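The block underneath contains the structure these notes are about, expressed in structure tokens.
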Amino acid sequence: MWHLKEKNNKELDDYADLFLNGIKKRINTKRSDPTYKEWCDYLLPVISNDVYDETIIKEILVAKPALLFKLNDIHLNNLLRKQQCINNPHGYLFTYSERQLRHHLKARAKKVKNRTSREVSLVERYERLFAFLLAVFDYNLVKGNIAYEIAKMKDVNTCTYCNRQYTFTIGRENSGGKTVSKTKPQFDHWFAHMQYPLLSLSFYNLIPSCGVCNSSVKGSSHYSLKTHVHPYLTTSADPAFKFTPALVYDDKTNDVRWSVLMKCKPHSKEYRTIQDLSLDVIYDRHGELEVKDIMDFAHKNNATYLRELFNKLCLDFDGAYSQAEVYRMLFGVEYDIDKTLNRPFSKLKRDILEGEGIKI
Numbered sequence: 193m194w195h196l197k198e199k200n201n202k203e204l205d206d207y208a209d210l211f212l213n214g215i216k217k218r219i220n221t222k223r224s225d226p227t228y229k230e231w232c233d234y235l236l237p238v239i240s241n242d243v244y245d246e247t248i249i250k251e252i253l254v255a256k257p258a259l260l261f262k263l264n265d266i267h268l269n270n271l272l273r274k275q276q277c278i279n280n281p282h283g284y285l286f287t288y289s290e291r292q293l294r295h296h297l298k299a300r301a302k303k304v305k306n307r308t309s310r311e312v313s314l315v316e317r318y319e320r321l322f323a324f325l326l327a328v329f330d331y332n333l334v335k336g337n338i339a340y341e342i343a344k345m346k347d348v349n350t351c352t353y354c355n356r357q358y359t360f361t362i363g364r365e366n367s368g369g370k371t372v373s374k375t376k377p378q379f380d381h382w383f384a385h386m387q388y389p390l391l392s393l394s395f396y397n398l399i400p401s402c403g404v405c406n407s408s409v410k411g412s413s414h415y416s417l418k419t420h421v422h423p424y425l426t427t428s429a430d431p432a433f434k435f436t437p438a439l440v441y442d443d444k445t446n447d448v449r450w451s452v453l454m455k456c457k458p459h460s461k462e463y464r465t466i467q468d469l470s471l472d473v474i475y476d477r478h479g480e481l482e483v484k485d486i487m488d489f490a491h492k493n494n495a496t497y498l499r500e501l502f503n504k505l506c507l508d509f510d511g512a513y514s515q516a517e518v519y520r521m522l523f524g525v526e527y528d529i530d531k532t533l534n535r536p537f538s539k540l541k542r543d544i545l546e547g548e549g550i551k552i
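Residue numbers for the sequence shown follow this note's numbering, so the first one is 193 and each next one is one higher.
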């Protein structure tokens with residue numbers, strides 16, 4: 193969980209091609225309006241009739257997370273410099289920053305009548321530009337065949353955030369001969385698209401996830417590269433925390449039950465990510481399901497016996513299966529860390545089994 197592999201240049205070029213025509217069409221529609229012309233000319237300069245400089249658009253679509261964040265800062269500052277001054281006595285015209293974005297979000301959450309004049313100026317400064325960017329980098333482009341192609345590129349079987357649910361990508365040919373998705377993961381905007389509209393369609397900002405994590409838990413929460421784990425920036429498929437089984441007292445039933453703890457360094461990116469995705473609370477509910485079964489199995493069959501059984505199966509199969517394959521068949525879990533997202537609960541079960549001394 194929390195780990196996705198970067199794509200090569202060819203794959204990223206193919207991804208950009210999915211959106212270029214749709215974005216260009218939306219920019220050129222806006223270009224005829226004098227209100228938006230300067231913004232359109234900046235994002236998509238005209239070289240000659242029907243020939244455009246697509247450099248900025250392509251870079252936004254395929255830039256890696258750290259660069260993507262910098263590009264957002266650079267381009268929003270440049271776009272704001274082209275914005276006409278509207279009721280702006282507080283010096284907000286020419287700059288964009290994360291700090292001012294947070295102030296904007298707080299001001300926007302207030303009723304109009306309760307905003308100070310400074311907050312009114314700040315909201316007006318952002319609203320028109322954000323509405324323009326949301327219309328240009330329109331997430332509604334992610335549908336049908338395009339959604340299916342993106343899901344195939346991501347190639348993830350379970351939710352990146354929780355590793356609890358399958359998120360298969362299955363397509364079927366429609367009456368027009370195009371393959372469209374019948375089931376696929378949802379795509380979470382790691383940088384929330386209402387706060388970072390310029391990044392709405394960026395490859396490295398779309399994280400394949402389940403509906404619970406995307407809509408119910410994370411939603412539009414503000415995530416930062418300094419405080420949260422970005423799946424495309426991790427160096428290992430095994431995140432820096434461990435699942436540990438625990439017996440806890442249940443006040444409601446006055447009984448002891450199995451739970452699971454997610455142990456990591458306090459106040460680390462992993463800790464903040466776990467808390468903000470409510471993974472500790474969610475996984476606690478699996479205590480009497482997956483955790484109890486594993487612990488009962490481990491206690492009834494000690495590690496020495498299980499090790500002997502594992503070795504015997506490897507010999508019986510006589511090289512027909514790898515050790516990782518035998519482990520998967522015996523325990524129903526991926527042992528290969530790089531395949532954690534192939535099956536639900538792979539991280540949970542592997543950590544607990546290893547804690548009980550059951551390793552390859």
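Positions of the beta carbon are idealized from the N, C-alpha and C atoms, including for glycine. In this text the structure is predicted, and so the values were computed from the model without any measurement.
Residues near residue i in its chain [Cβ-Cβ closer than 7 Å; skip 5 each side]
{"i": "V269", "result": "Note on residue identity: the sequence assigns Asn, not Val, to residue 269. Once the five neighbours on either side are set aside, the close Cβ partners of N269 are T287 and Y288."}
{"i": "D472", "result": "M454 and I466"}
{"i": "E203", "result": "M345"}
{"i": "I219", "result": "C232, L235, L236 and V328"}
C-alpha distance - residue i paired with residue j, whole-angstrom precision
{"i": "V315", "j": "L212", "result": "30 Å"}
{"i": "C351", "j": "F537", "result": "10 Å"}
{"i": "I248", "j": "M345", "result": "22 Å"}
{"i": "N241", "j": "P226", "result": "19 Å"}
{"i": "R542", "j": "V348", "result": "19 Å"}
{"i": "L505", "j": "I550", "result": "15 Å"}
{"i": "F322", "j": "H296", "result": "12 Å"}
{"i": "Y244", "j": "Y388", "result": "24 Å"}
{"i": "K492", "j": "L507", "result": "24 Å"}
{"i": "S460", "j": "E500", "result": "39 Å"}
{"i": "R520", "j": "L210", "result": "37 Å"}
{"i": "E480", "j": "V440", "result": "11 Å"}
{"i": "K418", "j": "E290", "result": "12 Å"}
{"i": "Y284", "j": "F523", "result": "Since pLDDT at Y284 reaches only 48, below the 50 mark, its modelled position is unreliable, and the value read off the structure follows with that caveat. The straight-line gap from Cα to Cα measures roughly 59 Å."}
{"i": "Y340", "j": "Y424", "result": "20 Å"}
{"i": "I544", "j": "G403", "result": "26 Å"}
{"i": "V372", "j": "N332", "result": "15 Å"}
{"i": "S514", "j": "F433", "result": "27 Å"}
{"i": "H195", "j": "Y353", "result": "9 Å"}
{"i": "E517", "j": "D530", "result": "14 Å"}
{"i": "G368", "j": "S428", "result": "42 Å"}
{"i": "R273", "j": "A299", "result": "22 Å"}
Residue closest to residue i, alpha-carbon to alpha-carbon, out of the options
{"i": "I215", "options": "R535, L481, L326 and R294", "result": "L326"}
{"i": "R449", "options": "A438, N337 and C456", "result": "A438"}
{"i": "F383", "options": "K250, A258 and E500", "result": "A258"}
{"i": "V328", "options": "P458, Y228, C402 and C354", "result": "Y228"}
{"i": "H422", "options": "G479, K434, P400 and F435", "result": "P400"}
{"i": "E546", "options": "L271, N494, I252 and G336", "result": "N494"}
{"i": "A208", "options": "G369, I342, S451 and L522", "result": "I342"}
{"i": "Y497", "options": "H478, R477 and E548", "result": "E548"}
{"i": "D430", "options": "F509, T221, T532 and Q292", "result": "T532"}
{"i": "D528", "options": "A512, D510, I552 and G511", "result": "I552"}
{"i": "R477", "options": "F502, V518 and L540", "result": "L540"}
{"i": "I486", "options": "P237, D233 and F435", "result": "F435"}
{"i": "E246", "options": "R273, L272 and D205", "result": "D205"}
{"i": "E559", "options": "R300, T426 and G369", "result": "Given a span of 193 to 552 for the chain in the structure shown, any question on residue 559 remains unanswerable."}
Three-state class that DSSP yields for residue i in the structure shown
{"i": "M487", "result": "helix"}
{"i": "D476", "result": "helix"}
{"i": "S407", "result": "helix"}
{"i": "Q378", "result": "strand"}
{"i": "E462", "result": "helix"}
{"i": "T350", "result": "strand"}
{"i": "F261", "result": "helix"}
{"i": "W194", "result": "coil"}
{"i": "L297", "result": "helix"}
{"i": "G283", "result": "Only weak support exists for where G283 lies, its pLDDT of 49 falling under 50; the coordinates are left without a value."}
{"i": "T436", "result": "strand"}
{"i": "K305", "result": "helix"}
{"i": "K551", "result": "coil"}
{"i": "I371", "result": "Here residue 371 turns out to be Thr, not Ile, going by the sequence shown. Correct three-state label for T371: strand."}
{"i": "M454", "result": "strand"}
{"i": "S538", "result": "helix"}
{"i": "S240", "result": "strand"}
{"i": "P400", "result": "strand"}
{"i": "R356", "result": "coil"}
{"i": "G363", "result": "strand"}
8 Å Cβ shell around residue i - same chain, five flanking residues per side excluded
{"i": "A255", "result": "L263, S394 and Y396"}
{"i": "L391", "result": "I252, L260, N264, F329, H381, F383, H385 and N397"}
{"i": "I278", "result": "Note on I278: pLDDT 48, under 50, position unreliable in the model; the coordinate value appears next. Excluding residues within five positions, the ones whose Cβ falls inside 8 Å are E316, R317 and R320."}
{"i": "F324", "result": "K222, Y228 and W231"}
Residues near residue i by beta carbon distance below 6 Å, same chain, minus five either side
{"i": "Y318", "result": "H296"}
{"i": "Y475", "result": "V452"}
{"i": "K484", "result": "W450"}
Contact test: residue i Cβ vs the ligand PLP heavy atom, cutoff 6 Å
{"i": "K274", "result": "Of ligands this structure carries none, so the ligand PLP is not represented either."}
Meets three-Cβ-pair contact criterion under 8 Å: the stretch 363-380 and the stretch 435-452: With the cut-off at 8 Å, the stretch 363-380 and the stretch 435-452 do not touch.
Inter-stretch contact (C-beta, 8 Å, three-pair minimum) for the stretch 398-410 and the stretch 469-485: Yes, since at least three Cβ pairs between the stretch 398-410 and the stretch 469-485 fall closer than 8 Å, the two stretches touch.
Touch test, the stretch 413-428 against the stretch 356-364, Cβ-Cβ under 8 Å, three pairs minimum: The stretch 413-428 vs the stretch 356-364: no contact.
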